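Protein chains in written order, with this note's numbering: chain V, 456 to 584; chain D, 625 to 734; chain L, 84 to 659; chain F, 533 to 773. Beta carbons are placed, not taken as given, at the ideal position from N, Cα and C, and that holds for glycine. Everything numeric in this text was worked out from a predicted model, so none of it was measured.
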Amino acid sequence: MSNREMAVTPRFKTHSQVWSAVGMWAWMLHRLTGIGIVLYLLLHATLMGTSLIRGAEAFNATLNTLMTNPVLHLAEIALVGAIIYHGMNGIRLLLFDIGIGFSRQKEIFWVSMAIGAAMWIFVIISKLS
Amino acid sequence: MRVNAITWLFQRITAAVLLVLLGVHLWLLYMNNTSEVISFAEAKARLMSAPYITLYVLLLLFGLFHALNGLYTVMVDMGIKPRKTAIGALLAVGLGLFGIGLISIFQFIM
Amino acid sequence: MEEIKTDVLILGSGGAGLFAALHVYDNNPGLDVILATKGLIGKCGCSRMVQGGMNVVLNSADSVDKHFMDTIKGGGYINDQELAYTLVSDAPKAVHELEVKVGCFFDRAENGEIHQKAFAGQSFDRTVHVADLSGIQIIARLTDQVFRRQDRIKVLEETRGLDLLTTAEGDRVVGAVLADMRTGELIVVNAKVVIVATGGASSMYKISAPSVDKTGDGMAMCFRAGAEFCDMEMMQFHPTGLLAGQSRLSGSVLEEGLRGAGGYLINGLGERFMERYDPERMERSTRDRVARAGYMEIMAGRGTESGGVYLVMGHLGSEFVEKKFPGMCDRVRDVGKELSKEPVEISPTSHFMMGGVKIDRDCQASLKGLVVAGEDSSGVHGANRLGGNGIGESVTFGRRAGDTAAALAEQELLRPFRQEQVEEIKQRWLKFFKPTTGVDIYPIRDEIKNLMWEKVGVVREAKKLQEAISRLNGMYEEAQKAYVTNRTLRRFNMEWNEIMNTINWITVARMVANSALLRKESRGSHYRSDCKTDNENWLKNIYMKKKGEFEIETDIRPIISTRFSMEEIRKLNVQY
Amino acid sequence: MSSQEIKARIFRYDPEQDVEPRFDVYTIPVIKNMAILDVVFHVQNYIDKSLAFRCSCRIGMCGSCAMYINGKPRLACRTQVSSLGTSEVTIMPLPNLPIIRDLATDMEPFFEKWKKIKPYYVGKPELKDPVVIRPDSDEREFIDQMLDCITCGCCYGACSMVATNEDYLGPAALNRAYTLVADKRDSIRVERLKAVGRSYGVWRCHDQFNCAEVCPKNLVPTKSIQQLKKRCVMQKFGVFK
Ligand SMILES: Cc1cc2nc3c(=O)[nH]c(=O)nc-3n(C[C@H](O)[C@H](O)[C@H](O)COP(=O)(O)OP(=O)(O)OC[C@H]3O[C@@H](n4cnc5c(N)ncnc54)[C@H](O)[C@@H]3O)c2cc1C
Ligand code: HEM
Ligand code: SF4
Ligand code: F3S
Ligand code: FES
């Protein structure tokens, strides 16, 4: 049937996204931070694992280079930020999963972000001091 | 795959548990830490007690499941086709890392 | 050209078309059905747009006879009483089926039974509904049921009927030629039975309510095929069409329940003008009267600046209005007003055609193999339709049409169509792609709408009607010279579509205007400023059919009064 | 630019002739209460007759006219030009659906998925009459609100998960599934639940809320989907029957 044939031939579609919504950004960031932390985890486990297997000396040496590098300090702050974001938004998602907050999703997002930001700032300050 | 409901549920459960475990972990790292650089000796001192061991084994287990299942979710979202291969690869990585992790923790205890 | 053979071809996917498809299938799942519709299934047509709801007798304190009397009283007593009785006695079965088989869920009253609300012109609160947007649910659920039966019901979307195919003797319909609007290709469907349910042509007025795909196609097709029509002068104007300037939102209906719930109508001077026209029932009077009252106020210069009157709901409490009429509040908000708080400008709007193809109780038209249901048919509503009887007609007669079609398809043979007729039809509709220049269709379309509004509108008179008729004939000629600007573009060509619409509009409009000229009295929604109501001589219906190529043959016959006699009607001597 | 006119950038594409889509720009006089639908009608009627788009009811009841307007899927008939707060409008077809021509998309994939969840009611055989359900009972949960869906596809066009995964059923179909799964009158609820529990079903939703953000009927499919997920889990443990 002519109607049907049209449906099966592959045709151009647009994939324009909706960028103006809170939920969209929340989701994007959650995914990015999630993947980011996984990558960190992989790296972390490999480094720790390999150095530990080689013994205490190697471990101390590795940690020494890592923990005195200023760039890595900044990276660590970013990592903690990512974990905090992922965790705070994760709480928001868990709330939805148990059926709470659909009508207030934006407010919940901003509240959890405010708390997260406070935590992050706290971490940064305590780290810098 | 008909385990969708279970993995989905586990992703939530691990998330909730990670929230607590990671919280404790980070707290220890930042608040209970005196020196600039963590040394083997310090780490060992902490890791010797049973609660700590449990904490880290659990963190490892749950973290790995959450992380790798998370990655798998992303892949399915993107429409990955040979799903079996993906699952195999993730399982291998997961088991590998779990092994390395256990050995590492073991190193401290020894 | 693709050729398809089938048992039943259904044109239109409103309440009538969809229900007919279900009933053909449920009667005999072995029958092949093709359901062709001009828009997307479940999305086009007015059944989808039904707001208020559907009249049905469910309460033991109510009775089918009361509903019948309300219907013919509302209809100016010229209804085909057999059809009106069929409507009221089938409606409870239809609602039952909608709830139990189709899966609708109508709003419930406190006691958990189906809630029935007040509608104008009724002696009992009997309108079942889903908030104030009932049609969405009825049509969505019917569509889902069609999906369930898709092994036998083949749906052709955006495929419009062009013309019916008939035997050489002209007494039987054997199929139709369709156009797949997405590809622009024509399709010949050879069928044992054709059900026409394309839902009228009230969109031919400047201010009108229906969806844009209802352009009288079915009626025009039936006219060209030689079917008999009845009551074509009877055009209903809904009193409360939203006014929104030149925007297409203009004319959209604010539902009747607003007046039922106690809304006021006031004119530009702030008077509740219904006092002058129907002091007893006020705003709850029937549509014809309220629409005319509003129209006359506007004409007498007592309207608002942009030519309307006001609908006021504020005194009922904004919470009540928001809760009961969320859809209406939203719609009014689109034009920047708060229905629950401030007066909203409205105007009568062309809404529904009581007239149409003459059918019997089984939806059988005057040609064999032709079954017509819903707004395309005539007789059920007489001179005026009660709010809530429209979707009622659509579903009750849709069911019947399906039953009839199934029975006919079992008995009949598939008769061959005539290739030369197919060629003729092809030529009729594809010729617009040939010329490189010609008439632009859009000004003509706009002119019809204005002409009908001004000369064949709410208030009519002989002179204007005559002018309208001669102009319509002229426009018909002009429209034949129309051309499609982009000659090579058959796919989803909206201009071509509009040319065909315009020709069908004119075809139907001519019947309306001629019929209106013939009925030299006022009755129901047909109001002649130059004639009074004449209960002595005009308890009659006007019948029409095609004569020769394009002439109209008329016949005036007494009403079908099998249940409530002419004497009794005359005794009442109602004036309109 | 004067407030009397707007500039409309309209997406043009004919799959059988054009290699690439393009944008045509039209200047259009503004009228009172002008909706985007009036804009495209103006262009089609009086400027470029070859423009293709779809519309039926023109008052937000049929869901035929969904388009991607200034960064969001919306109903053309219910989007007032004045509400956009700018005199430049970009009109594109609904995302994630194949294009027939210009702004008219092919809704087939949307409805194919709609059909996958068995969208039709199959009443329990013992229910011979309309059931008696008091409006204040929680029998119908919040199904009734969710029944207002007009299958416009706005949510489908807005959901990134649909964009990245061709098979994902999408918010509208899942929302419909919920209204049936939670309808105690229906007899194939478990079967339907199994259909939405597949990997192309509910699990692809990650609470993006774009569906709720754009739904012209203010539905929150996210919530329906959560209810389905919950029931899927319950069903796995044998609690849902
Ligand atoms: C805004 C509005 C509100 C209303 N409210 C109420 C109410 O509250 N209560 C009530 O009882 N009635 C109401 N009505 C009236 C009611 O909607 C109609 O009486 C009824 O829906 C007609 O049903 P139908 O099946 O005959 O036609 P429709 O539902 O109008 O369907 C016609 C179908 O035919 C298709 N079609 C048209 N041309 C062709 C063609 N050439 N080929 C193929 N298909 C074609 C159309 O696309 C459409 O699918 C309302 C009408 C409107 C416009
Ligand atoms: C702080 C505790 C954490 C919480 C509360 C949490 C919460 C969640 C939740 C609820 C999801 C599901 C999202 C969805 O399906 O839509 C998720 C996904 C994910 N998480 Fe976590 N998480 C935490 C820690 C972590 C850690 C430590 C990692 C990495 C090692 C991680 C990696 C991921 C990944 C990769 C995903 C998949 C991304 C996606 O689906 O968008 N999470 N998390
Ligand atoms: S859920 Fe809303 S946006 Fe999605 S199809 Fe239904 S009405 Fe449209
Ligand atoms: S936008 Fe998509 S991801 Fe879920 S919440 Fe809505 S379906
Ligand atoms: S045209 Fe019907 S929703 Fe816009």
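- With C-beta atoms as the reference, is Gly592(F) less than 8 Å away from Leu607(F)? Yes, they are a contact pair.
Review point. Nearest chain L C-beta to Glu626(F) closer than 8 Å, yes or no?
Key: According to the sequence as given, residue 626(F) is Leu; it is not Glu. Closer than 8 Å: no.
| said: Give me the chain D residues within the contact set of Arg724(F), using Cβ-Cβ distance strictly less than 7 Å, ordered along the chain. | reply: Near Arg724(F) there are no residues of chain D at all, since even the closest Cβ is about 15 Å away, more than 7 Å.
inquiry  = Can you tell me which residues form a DSSP beta bridge with Gln329(L)?
reply    = Beta-bridge pairing links Gln329(L) to Ala327(L).
For Glu503(L), is the classification buried or exposed, using 16 other Cβ atoms within 10 angstroms of its Cβ as the cut-off for buried? Counting Cβ neighbours within 10 Å, Glu503(L) comes out exposed, since fewer than 16 surround it.
Query raised in the report: Under the three-state reduction of DSSP, which class applies to Ile631(F): helix, strand or coil?
Result: It is a strand residue.
Return no unless some Cβ of chain D is closer than 8 Å to the Cβ of Asn592(V). This structure cannot settle anything about residue 592(V), because the visible part of chain V is limited to 456 through 584.
| query | Using a beta-carbon distance cut-off of less than 9 Å, what residues from the segment 748-768 of chain F approach chain V? | reply | The residues in question are Val752, Thr754, Lys755, Gln758, Gln759, Lys761 and Lys762.
**Item:** For Ile124(L) and Ser477(L), the rounded distance between their alpha carbons
**Value:** Roughly 16 Å between the two C-alpha positions.
| said: Using a Cβ-Cβ distance cut-off of 8 Å, determine whether Asp676(F) contacts chain D. | reply: Answer no: the Cβ-Cβ gap between Asp676(F) and chain D never drops below 8 Å.
Since Ala734(F) and Arg724(F) should fall inside the 8 Å C-beta cutoff, what is the C-beta to C-beta distance between them, to a whole number of angstroms? Per the sequence shown, residue 734(F) should be read as Val rather than Ala. Actually they are not in contact, since the Cβ atoms of Val734(F) and Arg724(F) sit about 12 Å apart, beyond 8 Å.
- Reduced DSSP secondary structure (H/G/I, E/B, other) of Arg479(L): The residue you asked about is not Arg; residue 479(L) is Thr in the sequence shown. Thr479(L) falls in the helix class under three-state DSSP.
> Distance, Cα to Cα, Tyr653(F) vs Gln677(F)?
Replying inline: Counting only the Cα atoms, Gln677(F) lies some 17 Å from Tyr653(F).
request  = Tell me Lys623(L)'s beta-bridge partners as DSSP assigns them.
outcome  = Within the DSSP secondary-structure output, Lys623(L) pairs in a beta bridge with Pro641(L).
**Request:** Please go through the same chain and pick out, in chain order, the residues whose beta-carbon is closer than 6 Å to the beta-carbon of Arg459(V), but skip the five residues on each side of it.
**Result:** Interpretation of Arg459(V) is limited by its pLDDT of 41, a score under 50 that renders its predicted location unreliable; the figure taken from the coordinates is listed afterwards. Cβ within range, chain order: n/a, list empty.
Legend entry - Paired residues, beta bridge with Met137(L) - DSSP: Per DSSP, Val211(L).
Compare the Cα-Cα distances from Ala690(F) to each of Asp739(F), Pro561(F), Asn628(F) and Gln612(F) and report the closest residue. The shortest C-alpha separation from Ala690(F) is found at Asn628(F).
| said: I need the boundaries of the alpha helix (DSSP H) containing His574(F), first residue and last residue. | reply: In the DSSP assignment, His574(F) falls within the unbroken alpha helix (DSSP H) covering Ile568 to His574.
Between the C-alpha atoms of Gly457(L) and Thr611(F), what's the straight-line distance to the nearest angstrom? Taking the straight line from one Cα to the other gives about 32 Å.
Exercise for the section: Within its chain, find whatever has a CB closer than 6 Å to the CB of Ile442(L); leave out the 5 residues flanking it on each side and keep chain order. Expected result: Excluding five sequence positions before and after Ile442(L), the CB atoms of its chain that fall closer than 6 Å to its own CB belong to Ala448, Val455 and Ser460, given in chain order.
| request: Measuring alpha carbon to alpha carbon, tell me which of Cys313(L), Ala303(L) and Thr479(L) ends up nearest Leu101(L). | output: Closest by alpha carbon: Thr479(L).
Can you tell which of Ile580(V), Arg559(V) and Ala511(V) has the C-alpha that lies nearest to the C-alpha of Ser728(D)? Measuring from the Cα of Ser728(D), the nearest candidate turns out to be Ala511(V).
| request: For the alpha helix (DSSP H) containing Ser581(V), list its first residue and its last residue. | output: Looking at the DSSP string, the run of the alpha helix (DSSP H) that includes Ser581(V) is Gln560 to Leu583.
- Query: Quick one: is Ser695(D) near chain F, going by C-beta distance under 8 Å?
  - Reply: The question names Ser, yet the displayed sequence has Leu at residue 695(D). Judged by the 8 Å Cβ criterion, Leu695(D) is not in contact with chain F.
Margin query: For the beta strand (DSSP E) containing Pro561(F), name the first residue and the last one.
Written below: Its beta strand (DSSP E) spans residues Arg554 to Pro561.
Q) For Pro561(F), does the count of other Cβ atoms within 10 angstroms reach 16, so buried, or fall short, so exposed? A) Looking at its Cβ environment, which holds fewer than 16 other Cβ atoms inside 10 Å, Pro561(F) is exposed.
Fill in: Close Cβ partners of Ala596(L) (< 7 Å) along its chain, the five nearest in sequence each way excluded
The beta carbon of Ala596(L) sits closer than 7 Å to those of Val539, Leu548, Ala551, Ile552 and Leu555, all from its chain and outside the five residues before and after it, given in chain order.
Is it buried or exposed, Val587(L), if we count other Cβ atoms within 10 angstroms and call 16 or more buried?
As written in the sequence, residue 587(L) is Asn, which differs from the Val given in the question. It is buried - the Cβ of Asn587(L) has at least 16 other Cβ atoms within 10 Å.
Please tell me whether, using a cut-off of 7 Å, the distance from the CB of His470(V) to the nearest non-hydrogen atom of ligand 1 is below it. Annotation for His470(V) indicates a beta carbon at 7 Å or more from all heavy atoms of ligand 1.
Taking Leu496(V) as the reference, give the member of Leu685(D), Trp651(D), Gly703(D) and Thr709(D) with the closest Cα.
-> A check of alpha carbon separations from Leu496(V) across Leu685(D), Trp651(D), Gly703(D) and Thr709(D) identifies Leu685(D) as the nearest.
If Leu626(F) and Thr637(F) are in contact, beta carbons under 8 Å, what's the gap, nearest whole angstrom? Indeed, because the Cβ distance is near 5 Å, the residues count as touching under 8 Å.
Once the 5 residues before and after Val185(L) are set aside, which same chain residues still bring their CB inside 7 Å of it? For Val185(L), where only same-chain residues beyond five positions count, the Cβ hits under 7 Å are Arg224, Leu225 and Gln228.
### Query
Hey, would you say Met315(L) sits closer than 8 Å to Ser96(L), going by beta carbons?
Taking 8 Å as the Cβ cut-off, Met315(L) and Ser96(L) do not qualify as a contacting pair.
If you measure from the CB of Arg243(L), is any heavy atom of ligand 1 nearer than 7 Å? Yes - ligand 1 has a heavy atom lying nearer than 7 Å to the Cβ of Arg243(L).
* Asked: Are the beta-carbon atoms belonging to Phe312(L) and Val116(L) less than 8 Å from one another?
  -> For Phe312(L) and Val116(L), no; Cβs fall outside 8 Å.
Note to self: Given the structure, does Ala608(F) come close to ligand 5, in the sense that its CB is under 7 Å from one of the ligand's heavy atoms?
What the structure shows: Because some heavy atom of ligand 5 lies under 7 Å away, the Cβ of Ala608(F) counts as near it: yes.
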